[in-house]
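Going down the list, the sequences are from chains Y and E. For any residue, its number in our numbering is found by taking its place in the first sequence, counting from 1, and adding 656. For any residue, its number in our numbering is found by taking its place in the second sequence, counting from 1, and adding 1390. Even glycine gets a Cβ: it sits at the ideal position worked out from N, Cα and C. Here the structure is a predicted model, which is why all the values come from computation and not from measurement. Notes follow the structure.
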Amino acid sequence: MPAPAPSPLTTYLAHLERGQLAYQFSPQAGRAVFYPRLLCPFTGSDQLEWRVSKGLGTVYSTTVVHPQEGAPYNVALIDCDEGFRLMSRVEGVAPQEVRIGMRVEFRAHTPGGEAPPMPVFVAVEA
Amino acid sequence: MQGLKRASAAIVGVAESDLGQVADGLSVIDLMAQGTKRALDDCGLALRDVDGLFAATAQSRLSVLAFAEYLGIDPPCLGSTIVGGSSFEYHVAHAMAAIEQGLCSVAVIAYGSTQRTVGRKQASQREINPYETPFKPFLPASAYALAAMRHMHQFGTTREQLAAVAVAAREWALLNPAAWEKKPLSIEGVLSSRMVSYPFTVRDCCLVTDGGGAIVVTSAERARALKKPPAYVLGCGQSVTHASISNMPDLTVTGAAASGQAAYRMAKLGPADVDVLELYDAFTINTVLFLEDLGFCKKGEGGAFVTEGRIAPKGSLAVNTNGGGLSYCHPGMYGLFLLIEAVRQLRGECGARQVRDCEVAIAHGNGGVLSSQATVILGTPATL
């Protein structure tokens, strides 16, 4: 019996471990797919290719969460230039200074402990 | 696709269970049963007449089984579609289909929640989404906040305009003896409340209460012989655009555009025919989005539309006349209460908050994070 193929999540996280933001591309649909999955949501095809993003994107929307305890923090939706969107946060600026339309760049963030790496963004230097 | 037949069924009984903060130890099924008894009394039917049972709640995994057991009945037709707060608008369409096809003749649709007494964390199962959870969005508020921010960015909608939605809801609530909130609220009061997820303060967010209820649906023919005037189901429409907010195609356009169109088509009616709107206002942006997507103003103009008291008690459009999820009650999945209020308005039972000459009502449910949208158009006998 051949070993089962790794799950889309496992492949995605393995890329993040290497400092890469991976996404899928559907040749049939001619467009990016995110989050990673087994079927293309545009065509139903199971032919999805893995690609690595250049890591550049634009803030699509942003909010500042005010927890009952602790400091406020940013949560944002980022539109990557390859045509997919993901939830993330913008670091390196105050959470309320994150603006829709801001150009941002990917960084792999390693929270430490058991937690897997996660994609975060910083403002692109003008 | 043939679809449902306009006015083949009607809502004939409606009732809330206890609301607000219910007695310690009451279960969600207790609340469903309490609502069911009251709704059956409301129309003069009895438990032995019920052969269709529909239920959804976040607090009972197999709720419709627990509910049938509790009632001691074995209805041949069961449904527990669960798509968040709009589940009950889906149930109306499913009950109507079941009645048209002869699968049942009297359907009860019920809900119960004790999220206030047991605490929100106990009431809803925590789900891990590996693509969202690490960023700690405060869900559902942050998802709707992202939609509000996008609306503000694209159309110039302001926090004051969003606050006007909460103020209008509060003014309606003050006319509803069953409402949780009893004190007036101002725009400034909304803006200066505790920030939750920008641009929302706690006053832009729905209440966290207990509550439940039930409605009774039967065929148009049987409805005519019952105690009160039927609220005929004139139109139904549903749409699902996504589950998690990262996957909503356009944060400023909801599935209400599609669900509304389908419901209007079936009802052979349009926005100009509607006398009262019950819109799922989990957050202030909801009302703005649904007014736009259901055709009451143009896309982007919802913020301006809700100002100057237009949707408040003396305004030109009656919206969320019970005080809504923002000020009346919000026990987790609010969709059933939209239907209850719409029916009461059509019957003329609403006292100080009664809308005059009320013939056509919309109950528009929303589930998840703007994910599942379901529109039900109801009408009095005069609309047949």
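Nearest in C-alpha terms to residue 1719 of chain E, of all of E/1768, E/1624, E/1596, is E/1596. Considering only E/1666, E/1508, E/1424, the residue with the shortest C-alpha distance to residue 1702 of chain E is E/1666. In this structure, the alpha-carbon of residue 1639 of chain E lies about 8 angstroms from that of residue 1632 of chain E.
Per DSSP, the beta bridge partners of residue 1754 of chain E are E/1669, E/1765. Inclusion of residue 1496 of chain E and residue 1621 of chain E in the CB contact set at 8 angstroms is not warranted, their separation being larger than that value.
Take residue 740 of chain Y, set aside five residues on each side of it, and the residues of its chain with a beta-carbon closer than 6 angstroms to its own are 679, 688, 690, in chain order.
The alpha carbon of residue 1444 of chain E has as its nearest neighbour, out of E/1422, E/1520, E/1407, E/1549, the alpha carbon of E/1422. Taking every protein chain shown into account, the CB of residue 681 of chain Y has 16 or more other CB atoms within 10 angstroms, so this residue is buried. As a beta-bridge residue in DSSP terms, residue 706 of chain Y pairs with Y/680. Within the region 699-722 of chain Y, the residues whose Cβ lies closer than 8 angstroms to some Cβ of chain E are 716, 717, 718, 719, 720, 721, 722, listed in chain order. The C-beta distance from residue 1675 of chain E to residue 1541 of chain E rounds to 6 angstroms, short enough to fall under 8 angstroms. Scanning chain Y for C-beta atoms nearer than 9 angstroms to the C-beta of residue 1689 of chain E yields nothing, as the closest lies near 17 angstroms away. Scanning chain Y for C-beta atoms nearer than 8 angstroms to the C-beta of residue 1517 of chain E yields nothing, as the closest lies near 14 angstroms away. Checking the DSSP bridge columns, you'll see residue 734 of chain Y partnered with Y/715, Y/742.
At a cut-off of 4 residues, the continuous stretches assigned as alpha helix (DSSP H) that sit fully inside the region 1452-1483 of chain E are 1453-1461.
At a cut-off of 8 angstroms between beta-carbon atoms, residue 676 of chain Y makes no contact with chain E. Excluding sequence positions up to five before and after residue 676 of chain Y, its CB lies within less than 7 angstroms of the CB of 708, all in the same chain and listed in chain order. If the five residues before and after residue 715 of chain Y are omitted, its C-beta is found closer than 7 angstroms to the C-beta atoms of 732, 734, 746, 754, 755, 756, 757, 758, 760, all from its own chain and listed in chain order.
Under the Cβ criterion of 8 angstroms, residue 1597 of chain E is not counted among the residues facing chain Y. Contact of residue 744 of chain Y with chain E is assigned, a C-beta pair being separated by under 8 angstroms. The count of Cβ pairs closer than 8 angstroms, one atom from the region 1520-1535 of chain E and one from the region 717-731 of chain Y, reaches three, so the stretches are in contact. Ranked by how close their Cα comes to the Cα of residue 704 of chain Y, the residues Y/719, Y/695, Y/751 have Y/695 in first place. For residue 752 of chain Y, the residues of chain E that pass the 9 angstroms Cβ criterion are 1588, in the order they occur in the chain. Contact check for residue 1552 of chain E against residue 1563 of chain E fails: the beta carbons are separated by 8 angstroms or more.
Residues of chain E whose Cβ lies closer than 7 angstroms to the Cβ of residue 780 of chain Y do not exist; the shortest such Cβ separation is about 19 angstroms. Counting of Cβ neighbours within 10 angstroms places residue 769 of chain Y among the exposed residues, the total staying below 16. Straight-line measurement puts the Cα of residue 1494 of chain E at about 46 angstroms from the Cα of residue 1589 of chain E.
Spatial neighbours of residue 1425 of chain E in its own chain (CB-CB distance under 8 angstroms, excluding positions within 5 residues in sequence) are listed in chain order as 1405, 1406, 1407, 1500, 1501, 1502, 1602, 1603, 1604. At a cut-off of 8 angstroms between C-beta atoms, residue 679 of chain Y does not count as an interface residue with respect to chain E. Within the region 1670-1702 of chain E, no residue places its CB atom closer than 7 angstroms to a CB of chain Y. Distance from the Cα of residue 1438 of chain E is smallest, within the candidate group E/1518, E/1511, E/1463, E/1630, for E/1463.
Of all alpha-carbon atoms in Y/772, Y/702, Y/674, the one lying nearest the alpha-carbon of residue 684 of chain Y is that of Y/702. For the set E/1736, E/1753, E/1657, E/1659, the Cα lying nearest the Cα of residue 1680 of chain E is the one of E/1753. In chain order, 1537, 1540, 1541, 1544, 1545, 1679, 1689, 1690 place their CB closer than 8 angstroms to the CB of residue 1642 of chain E, counting only its own chain and leaving out the 5 sequence neighbours on each side. Runs of alpha helix (DSSP H) with 4 or more residues, each lying fully within the region 1609-1651 of chain E, are found at 1610-1613, listed in chain order. In this structure, the beta-carbon distance from residue 1653 of chain E to residue 1750 of chain E does not fall below 8 angstroms.
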